[in-house]
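Engineer: Got a structure for you, questions after.
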Amino acid sequence: MRILLLLSGLSALTMATAAAAQGGDLKTQCGACHALEKPANPTVDRLWERKGPDLWYAGDKFNRAWLVKWLQNPTTIRPGGVFYFKHAKPGEPRDTLDTASLPKHPAVDAATAGKLADELLKLKSGLVQAGVYKPAAPNMMGKLAFGKLRGCSSCHQDKPGEGGLSAPELFDAAQRLQPDYVYAYTKDPQAFDRYIWMPRFTLSETDLQRLTAYIASLGKEAQ
Amino acid sequence: MRLTYLSGSLVLAAAMMFAVSPASAQDDAKFKASAHLYDTYCTQCHGVNRNGKGINTAGMSVQPRDHADTAGMKSIPIEEMNKAIHEGGAAVNKSALMPPWSSVFTDAQITDRVPYLAKAVRWDAN
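Here the protein sequences line up with chains F and Y, keeping their order. If you count by the numbering used here, then the first sequence holds residues 5 to 227, one letter each, in order. If you count by the numbering used here, then the second sequence holds residues 13 to 138, one letter each, in order.
Listed below in structure tokens is the structure:
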């Protein structure tokens, strides 16, 4: 009943597919908005058309505990939505986001969340090598690289309210993301999507390890 | 509404382009493609109206270039603009907050972007 109420604002089609997927079936429950397989022909226009971020590498990306919790109580990850341009409005002193226009992600019950998380964690890209990140204590150089030196903070927030709004928040990265994925994605975002917004930087191995250590530390105390 | 406005402004910009010189259909297609890429990638920092006031700019220590500033844009050599888009702001002694875009855009897309900016802000119109 609670699920049906939460879904009441969505289209009849989405409701039908969600209702049909009470068992936690990934294709029917998630596949309408998220790519569950690597797109054969990525394009710029796909970024305009897709309703949710790609999940075909979810098994590389997410921590299970975070997934199970989030699926039951979805919160904002991208302040500007899946594609910020659709929600940005011109303004002074700067453009603003029409947050009321951001669609809400449907919630599921605990049992369904667990099943979906298990299915999502099976989705692997082959692009993330286990153990590529060598765990280390975060140091000042990682934070400096994230901010001034490499400008990650132009698009990402490493603290609530600090940083850009167009890309996923990272202040809970320790809970949400697997460090090996952070390393692999930071090293070459275009390996995951030729046209994704995040550009590839020229980073040394030391830079990558330091940045990953910093990102992997964010929100750790809240775990 | 905003999309309508943007489309309108692009049509206007395209009309200006026609007024300056007869443009071929190929130039028009390149202009539209560049505008589409600008909307997709550049507006997050440079603003939906190309004025440097994008949604990401609140905490930036250096504010993004105002592409609607005709005089300011005219002062930048074409080669420097190309290099800034390719290699990022730091490569042209500007802010590292402007990232290198060569992994996302092809060389041709970057080469086309410069005349797009020229036409859009009309820095070559006088």
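We put the beta carbon where it would ideally sit given N, CA and C, even for glycine. Keep in mind it's a predicted model, so treat the numbers as computed, not measured.
Below 7 Å CB to CB, which residues in the same chain sit around F:Asp162 once its five sequence neighbours on both sides are set aside?
Structural biologist: Here the set comprises Phe150, Leu174, Phe175 and Leu222.
Engineer: Compare the C-beta of F:Gly155 with all C-beta atoms of chain Y and state if any pair is closer than 7 Å.
Structural biologist: Interface residue, yes.
Engineer: Can you list, in chain order, the residues of its chain with a C-beta nearer than 8 Å to that of F:Gly168? Leave out the 5 residues immediately preceding and following it.
Structural biologist: The answer, listed in chain order, is Ser157, Ser158, Cys159, His160 and Gln161.
Engineer: Measuring only between beta-carbons, confirm whether Y:Pro111 sits less than 7 Å from chain F.
Structural biologist: Yes, its Cβ sits closer than 7 Å to a Cβ of chain F.
Engineer: Counting only the same chain and skipping the five closest in sequence on each side, list residues whose C-beta sits under 6 Å from that of F:Gly84.
Structural biologist: Counting only Cβ-Cβ distances below 6 Å, and skipping sequence neighbours, we find His91, Leu101, Leu169 and Ser170.
Engineer: Just checking: is the beta-carbon of F:Arg204 within a distance shorter than 7 Å of some beta-carbon in chain Y?
Structural biologist: Yes, its Cβ sits closer than 7 Å to a Cβ of chain Y.
Engineer: Looking at the structure shown, is Y:Pro34 part of a helix, part of a strand, or coil, going by DSSP?
Structural biologist: The pLDDT assigned to Y:Pro34 is 48, lower than 50, so where the model puts this residue is not dependable, and the model offers no usable value.
Engineer: Let's see if you can read the secondary structure: which residues bound the alpha helix (DSSP H) around F:Gln76?
Structural biologist: Start and end: Arg68 to Gln76.
Engineer: According to DSSP, which residues form a beta bridge with F:Lys93?
Structural biologist: According to DSSP, which records beta bridges pairwise, F:Lys93 is partnered with F:Thr100.
Engineer: If distances are taken between C-alpha atoms only, which option among F:Leu207, F:Ala111 and F:Ala177 comes closest to F:Leu153?
Structural biologist: Of the candidates F:Leu207, F:Ala111 and F:Ala177, the one whose C-alpha sits nearest the C-alpha of F:Leu153 is F:Leu207.
Engineer: Going by DSSP in three states, F:Gln133 sits in which element: helix, strand or coil?
Structural biologist: DSSP places F:Gln133 in coil when its eight states are reduced to three.
Engineer: Throw me the rounded Cβ distance for the F:Gly146 and F:Arg214 pair, which I believe falls under 8 Å.
Structural biologist: Yes, they are in contact, since the Cβ atoms of F:Gly146 and F:Arg214 sit about 4 Å apart, within 8 Å.
Engineer: So Y:Met72 contacts chain F; which residues on that side make the cut at Cβ distance below 7 Å?
Structural biologist: Here the neighbours are Ser158.
Engineer: Relative to the C-alpha of F:Pro57, which residue among F:Lys126, F:Asn45, F:Leu40 and F:Asn67 is closest?
Structural biologist: It is F:Leu40 whose Cα lies nearest to the Cα of F:Pro57.
Engineer: Would you mind sorting Y:Thr118 into buried or exposed? The rule is 16 or more other CB atoms within 10 Å of its CB.
Structural biologist: Exposed, by the Cβ-count rule.
Engineer: In the structure shown, what three-state DSSP assignment does F:Ala25 receive?
Structural biologist: Low confidence applies to F:Ala25: its pLDDT is 43, below 50, so where it sits in the model is not reliable, and the reading given next is rough at best. DSSP places F:Ala25 in coil when its eight states are reduced to three.
Engineer: Once you ignore the five residues that flank F:Tyr199 on each side, which residues in its own chain have a CB closer than 8 Å to its CB?
Structural biologist: Taken in chain order, the residues that qualify are Pro46, Thr47, Val48, Arg50 and Leu51.
Engineer: Report the neighbours of F:Gly167 on chain Y: residues whose CB is nearer than 7 Å to its CB, in chain order.
Structural biologist: Those are Gly71, listed as they occur along chain Y.
Engineer: Which residues mark the beginning and the end of the beta strand (DSSP E) in which F:Lys191 is found?
Structural biologist: Here F:Lys191 belongs to no beta strand (DSSP E); instead the alpha helix (DSSP H) covers Pro183 to Lys191.
Engineer: With 7 Å set as the bound, which would you pick, yes or no: does the beta-carbon of Y:Ile122 sit closer than that to a beta-carbon of chain F?
Structural biologist: Chain F contact via Cβ: absent.
Engineer: Output, in sequence order along the chain, the residues in the stretch 78–101 of chain Y whose CB is closer than 7 Å to any CB in chain F.
Structural biologist: So nothing in the stretch comes that close.
Engineer: Can you say whether F:Asp99 is buried or exposed, counting buried as having 16 or more other CB atoms within 10 angstroms of its CB?
Structural biologist: The residue in question, F:Asp99, is buried, as its Cβ has 16 or more Cβ neighbours within 10 Å.
Engineer: Go to F:Lys108, then tell me how far its alpha helix (DSSP H) extends in each direction, as first and last residue.
Structural biologist: Per DSSP, F:Lys108 belongs to no alpha helix (DSSP H) and is neither H nor E.
Engineer: Could you confirm whether any beta carbon from chain F is found closer than 7 Å to the beta carbon of Y:Arg125?
Structural biologist: Chain F contact via Cβ: absent.
Engineer: Could you name the residues of chain Y that F:Arg98 contacts, counting a contact when the two beta carbons are closer than 8 Å?
Structural biologist: Correct list: Gly59, Lys65, Gly66, Ile67, Thr69 and Ala70.
Engineer: Leaving out five residues before and five after Y:Gly66 in sequence, what residues of the same chain have Cβ atoms less than 7 Å from its Cβ?
Structural biologist: The residues are Thr55, Gln56, Cys57, His58, Gly59 and Pro76.
Engineer: Excluding sequence positions up to five away, which residues of its chain have a Cβ less than 7 Å from the Cβ of F:Leu106?
Structural biologist: Cβ neighbours of F:Leu106 beyond the five flanking positions: Gly85 and His91.
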